[in-house]
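Here's the structure, in C-alpha cells; my notes come after.
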Amino acid sequence: MHQLDCDETAERLNLYLDRELSDADVVQVREHLSECPPCERIFDFQAEVKRLVRKECCSDDAPARLREWVRNLSAKDPQPPA
Ligand SMILES: [Zn+2]
13 MHQLDCDETA
23 ERLNLYLDRE
33 LSDADVVQVR
43 EHLSECPPCE
53 RIFDFQAEVK
63 RLVRKECCSD
73 DAPARLREWV
83 RNLSAKDPQP
93 PA
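Numbering (our numbering), first residue to last: 13 to 94.
What follows is the structure in C-alpha cells.
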C-alpha cells in the first residue's frame, strides 16, 4: 500500500477534517499521523482551531479569544511546514 509522506498528508488534512476524504485516504492519513508526531501535532492544531471556530462562531468575543489562543499556541510550537 502507498505510504503517504508528510507533504501528501498535509495536503489531505483539510479534507480529512471536513470528512471529505474517501475511506482509503482516511486510513492512509491516520496511518501517517500515528507514525509521525510532527504531522500529528499539526493535525491536532488544525482540528482544535476548526472545533473552536465551529463552537464559538456565534459569540461576540470569539475572534479576539481565538486570535489570542492561536498566538499562544504558535508561540510555543514550531510553524507547520509550508
Ligand atoms: Zn509526517
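Positions of the beta carbon are idealized from the N, C-alpha and C atoms, including for glycine.
Nothing here was measured: the structure is a model prediction, and the numbers come from that model.
Ranking V82, H14, E32 by CA distance to the CA of D56 puts V82 first.
Considering only E80, R79, E20, R77, the residue with the shortest C-alpha distance to C48 is E20. With respect to the 8 Å criterion, K62 and L29 are classified as neighbours on the basis of their beta carbons. In this structure, R24 is the residue among S34, R24, L16 with its C-alpha nearest to the C-alpha of A59.
When secondary structure is reduced to three states using DSSP, Q58 falls in the helix class.
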